[in-house]
Amino acid sequence: MDQSKIRNFCIVAHIDHGKSTLADRMIEKTGVLTLREMQNQVLDNMDIERERGITIKSQAVRMIYKAKDGEEYTFNMIDTPGHVDFGYEVSRSLAACDGAILVVDATQGVEAQTLANVYMALDHDLDVFPVINKIDLPSAMPQEVKDEIEDVIGIEAQDAPLISAKNGINIEDVLEAVVHRIPAPEGDATAPLKALIFDSIYDSYRGVIVFVRVRDGVIRKGMKVQFMATSAEAEVVEVGYFAPGRFVPGDELTAGDVGYFTASIKNIQDTRVGDTVTDSARPCEAALPGYKKVMPMVYCGLYPADSAHYSDLRDALEKLQLNDASLFYEPETSQALGFGFRAGFLGLLHLEVVQERLEREYDLNLVTTAPSVVYKVHKTDGEVFDLTNPTNLPDPSEIDYMEEPIVNGEIMVTTDYVGAIMQLCQERRGKYLSTDYIEQTRAILKYELPLNEIIYDFFDALKSRSRGYASFDYELKGYEKSDLVKLDILINREEVDALSFIVHKDGAYERGRKMCEKLKEEIPRHLFEIPIQASVGGKVIARETVKAYRKDVLAKCYGGDITRKKKLLEKQKEGKKKMRQIGNVEVPQSAFLSVLKLDNAD
Amino acid sequence: MSKDLSIYVHIPFCVRKCNYCDFLSFYAKKDVVETYFAALKKEIMLAAKELNGNSAGKDGQAMSGNPLVKSIFFGGGTPSFVEAEKICDTLKAIKTEFDLDPQCEISIEVNPASAIYDKLVSFKKAGFNRLSIGAQSLDDAELKVLGRAHTGAMFLETFENARKAGFDNINVDVMSALPGQSLESYIRTLEKVLSLKPEHISAYSLILEEGTPFYDMELDLPDEDTDRAMYHETKEILARSGYHRYEISNYALGEQDDPKYECFHNKVYWKRGNYLGLGIGAASMVDNVRWSNVRDIHLYVDAQMSKVDREVLSPEAQMEEFMFLGLRLVEGVSIEEFKRQFGRDIWEIYGEVIDKYAGLGLLEYRRSEAGRESVENTYLRLTDKGLDVSNTVMAEFIL
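The listed protein sequences correspond, in order, to chains A and B. Going by the working numbering, the first sequence opens with residue 336, and the numbers climb by one from there. Going by the working numbering, the second sequence opens with residue 222, and the numbers climb by one from there.
This is the structure in structure tokens:
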């Protein structure tokens with residue numbers, strides 16, 4: 336294919352500024368889909384994505400556009416995940432593009448995520464052009480927003496298309512701008528194959544479907560290819576491009592193309608995002624830059640609410656992993672929760688998404704234990720190991736010292752909230768590095784933060800203290816020695832392993848107290864008094880008590896209406912079944928979940 | 222059908238609905254009341270036809286003859302709200318249609334009211350031999366919050382009139398844990414009632430039921446400690462005055478196990494005897510078949526005898542009921558009787574639950590005659606502590 340007629344791009348925007356709607360309109364206008372086939376937000380396939388308005392898996396779609404110059408252009412639009420947890424996938428997806436459309440809401444102007452996304456695109460050397468959306472709203476201020484884009488971001492915006500994605504106004508202008516303002520790819524079709532994997536999914540019939548951007552050379556059916564990072568080899572069975580929601584097989588993909596191929600690959604681990612695919616017979620000299628192995632940052636225990644569903648959970652995890660190479664899991668056992676799995680995730684959102692998918696797509700009821708980061712434990716005998724489950728922490732006498740992961744965090748925030756955010760970082764044991772002012776009203780705060788301080792509710796706290804104006808990005812800096820302790824929770828004097836976690840010594844009391852308070856709310860009253868204690872190294876540091884109930888009798892039982900009384904008793908019994916038995920205490924599932932959401936901001 | 226039967230008659234009418242009441246009751250105009258009693262009479266005749274004589278053959282049982290009615294209970298609502306004549310006629314109809322045991326206990330509920338003497342005399346004359354007076358409290362402020370239409374003084378007057386009318390078996394209903402009630406005021410009520418020496422006392426603690434005005438109101442309820450203190454004081458004070466508790470909330474004059482003043486009708490429910498419910502919403506159980514009458518008065522009047530929720534009780538359901546009903550009684554459930562009725566040892570079915578709660582001190586074994594070591598005469602019952610939390614324990618007897 337003639338590369339000059341190809342445009343590979345993505346759309347970036349602050350949440351709710353209309354990214355997915357614009358994508359829908361462009362697909363509609365280019366005639367790939369009929370109106371009837373259009374489901375709102377075609378690109379967000381998963382229910383969760385559509386509901387939360389986030390993109391989890393990269394999606395790509397090819398459109399054919401007949402431009403005003405009379406030529407037909409092939410557009411490859413790549414939708415990217417929008418969350419920092421998936422930052423690596425985002426960066427790989429951007430690397431597959433040559434340009435980006437920036438969508439800005441005409442009523443809201445430039446917002447935190449707008450900046451973060453634009454800078455990420457510029458980092459990847461993408462040409463970015465702005466589009467002003469929602470111009471049909473009464474409160475739209477297109478001119479002000481144009482000026483703001485030029486002032487704040489520094490990209491030319493005066494001739495930005497003024498559109499309404501929702502109502503299909505001026506979508507043509509966007510399509511024309513793609514032709515003229517996004518550069519055509521400049522690959523060498525005759526050079527050895529060099530293609531970037533920006534995503535992969537598992538299909539039960541075809542095996543792994545690899546999403547690639549071909550930089551140089553050609554990939555065609557029957558060819559033997561090599562994955563450069565893993566050295567795995569496979570024979571290409573099918574190549575093709577993306578139509579919305581389906582795959583369209585073709586003969587080959589050449590330099591500049593975006594598409595997919597299959598090669599009877601059973602293991603998604605072989606096709607890592609960011610890796611380079613080349614021709615086994617004529618390999619390219621060097622892989623494309625930027626590949627790195629993704630390591631789980633956060634671990635937690637996943638248990639079936641009903642222990643009878645253990646094997647269902649195992650099957651579901653197996654299937655999920657086929658589609659999600661960054662999901663890691665292994666079996667583990669908890670005294671409190673029985674058989675389950677310890678699973679590793681890229682971050683807390685990733686964890687939540689996996690949990691939600693397990694519950695929805697596989698109809699499982701889960702209990703999740705408190706998330707934990709990976710600590711390095713240096714034992715007195717010289718052994719060093721990675722701790723992913725707090726329960727496995729050896730006796731303090733065997734520990735020389737411990738290290739915890741530290742991240743370099745960048746928080747972009749309007750100057751009004753700098754104080755509040757600095758306070759938050761302080762509370763989270765952040766080490767202040769610098770403040771850079773991008774312009775008069777915006778600043779980037781740089782902090783070193785322990786990862787375990789940001790995996791719980793840091794994002795929520797950030798948003799609430801900045802009224803949504805702060806955005807946060809981080810990358811792992813490394814490990815640092817830290818004064819950490821294991822906090823145990825005892826319910827009716829029995830240690831509940833599923834509730835143990837590692838915490839900095841200075842925060843132990845506060846956290847223990849909050850957990851006890853929360854558990855007191857969650858655990859129903861029993862026939863006996865239940866002490867709830869938090870302890871560190873066997874020493875109780877906080878305590879709450881669930882008082883015994885002393886009255887549980889039926890009202891006057893009248894005129895032999897036994898059926899009604901029986902229903903009450905049945906209901907009572909049913910409620911009991913949903914509890915976890917810890918010693919003599921029945922603990923509702925919700926208790927395990929509630930301690931994950933301790934709001935430290937109050 | 223088997224031989225004994227108890228009959229409940231529901232009179233749903235009230236002057237007004239009390240704030241805590243979730244029974245089937247309401248105010249109705251005279252003509253509605255008229256048609257209701259006409260329908261009731263019709264139901265009595267139809268029921269008698271169904272249960273008397275021929276029904277024995279139909280059920281394939283060897284019993285012959287008519288069931289013997291051992292107790293009749295007129296409840297409400299407020300049976301004393303309607304004209305005495307209607308009540309007496311209804312009783313008369315039952316007497317005509319059914320065979321009554323000469324010792325038949327015939328109770329009627331009344332609410333305290335002035336100028337009730339003549340009614341009480343009529344009731345006595347018609348054959349009622351037990352009276353249940355809904356006093357609830359003798360504190361006028363508490364009564365007002367409850368939405369009761371009487372005062373403490375009216376209760377005293379009613380009680381006096383009842384004695385004068387010749388009632389020698391009287392129950393008084395009292396309630397604890399009322400909004401604004403203190404332990405002292407509760408004890409005052411109790412002691413005033415005791416000074417009258419009623420033969421029976423029903424002492425309930427207020428339970429807020431969904432759908433009642435109380436449920437949605439901001440109430441100044443006694444705290445749990447006070448609530449429990451009231452509950453426990455009841456037993457102590459009544460014991461000192463010569464009453465024994467025979468059911469979670471019911472006390473009778475006389476030694477423990479002396480059934481003389483225990484409410485026979487009440488015990489039929491807990492012991493799973495046969496009972497026939499007449500009138501709207503009334504529940505029946507005969508030979509392990511349960512059913513209810515429709516709750517809507519117009520449906521009841523128009524479609525005479527229309528029954529709902531008919532359920533043939535499975536052996537499991539029978540066992541469950543045997544346990545959770547029987548455990549309401551202080552004497553408990555008879556282990557021997559369980560085996561006789563179900564052909565299986567109680568431990569085979571409920572061993573685990575029994576051990577668990579016996580271990581927690583909520584259940585205990587009791588022998589009716591000391592010194593005998595077999596299951597004969599052995600009963601399983603809730604301890605005092607167990608009676609406080611009976612729901613928790615009973616729920617686990619649901620299979």
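In this text, a Cβ means the ideal position worked out from N, Cα and C, and glycines have one as well.
Leaving aside the five residues that flank Pro866/A on each side, the residues in its chain whose CB is nearer than 7 Å to its CB run, in chain order, Asn827, Arg828, Arg878 and Thr880. Taken atom to atom, the span from the alpha-carbon of Glu479/A to that of Ile746/A is near 25 Å. The C-alpha of Thr433/B is placed about 28 Å away from the C-alpha of Glu532/B.
Between Pro520/A and Ala435/A, the C-beta spacing is not below 8 Å.
Contact annotation, Asp832/A with Thr726/A: C-beta distance approximately 5 Å; criterion of less than 8 Å satisfied.
If you draw a straight line from the Cα of Ala451/A to the Cα of Ser806/A, it is about 7 Å long. A Cβ of chain A is located within less than 8 Å of the beta carbon of Asn612/B. With contacts defined by Cβ atoms closer than 8 Å, Ser328/B and Phe302/B do not form a contacting pair. Only residues of its own chain outside the window of five on either side were considered, and among them Val838 have a CB closer than 6 Å to the CB of Arg846/A, listed in chain order.
Distance from the CA atom of Glu457/B to the CA atom of Gly502/B, rounded to whole angstroms, is 36 Å. For His231/B, the enclosing beta strand (DSSP E) has its first and last residue at Asp225 to Ile232.
Linking Ile354/B to Leu637/A through their CA atoms gives a straight-line distance of about 59 Å. Secondary structure at Lys385/B: helix, using DSSP grouped into helix, strand and coil. Along the region 867 to 884 of chain A, going in chain order, the ones with a CB nearer than 8 Å to a CB of chain B are Tyr884.
When the five nearest sequence neighbours on each side are left out, the beta carbons in the same chain lying within less than 8 Å of the beta carbon of Glu694/A are those of Asn700 and Leu701, in order along the chain. Minimum Cα-Cα distance from Ile773/A among the listed residues Thr749/A, Glu653/A, Pro785/A and Ile756/A corresponds to Thr749/A. In the DSSP assignment, the residues bridged to His465/B are Ala473/B. Within the region 901 to 931 of chain A, contact with chain B at the beta-carbon level (separation under 8 Å) is assigned to Lys901, Leu903, Leu904, Glu905, Gln907, Lys908 and Lys911. Not flagged as an interface residue toward chain B: Thr365/A, since no C-beta distance is shorter than 8 Å. The DSSP-derived three-state label of Pro473/A is coil. Phe545/B reaches chain A at Leu904, counting residues in chain order whose Cβ is nearer than 7 Å. For Asp530/B, at least one C-beta of chain A is nearer than 8 Å to its own C-beta. Exposed is the label assigned to Asp721/A, since fewer than 16 other Cβ atoms lie within 10 Å of its Cβ. By the neighbour-count definition (other C-beta atoms within 10 Å, threshold 16), Met615/B is a buried residue. Of the other Cβ atoms in all chains shown, fewer than 16 fall within 10 Å of the Cβ of Tyr436/B; this residue is therefore exposed. If you check the CB distance, Lys853/A and Val922/A do not come in under 8 Å. Within the region 577 to 655 of chain A, complete beta strand (DSSP E) segments of at least 3 residues are found at 581 to 585, 587 to 589, 593 to 597, 611 to 614 and 633 to 639, given in chain order. Residue contact with chain B for Lys886/A: present (Cβ-Cβ distance below 8 Å to some residue of chain B). Boundaries of the alpha helix (DSSP H) around Tyr407/B: Leu404 to Ser416. Within its own chain, the residues whose Cβ lies closer than 7 Å to the Cβ of Ala569/A, once the five positions on either side in sequence are excluded, are Val560, Ala598, Ser599 and Ile600, listed in chain order.
The Cβ neighbour count for Glu653/A, taken over all protein chains shown within 10 Å, is under 16; the residue is labelled exposed. For Asn487/B, the enclosing alpha helix (DSSP H) has its first and last residue at Phe485 to Trp491. In summary, the residues of the region 571 to 588 of chain B whose CB is separated from some CB of chain A by less than 8 Å are Leu581 and Leu583, in the order they occur in the chain. With a cutoff of 8 Å on beta-carbon distance, Leu499/B and Glu264/B are scored as near each other. Counting the other CB atoms within 10 Å of its CB gives Arg549/B a total of 16 or more, which places it among the buried residues. Excluding residues up to 5 positions away in sequence, Met375 and Glu378 lie with their Cβ nearer than 7 Å to the Cβ of Ser335/B in the same chain.
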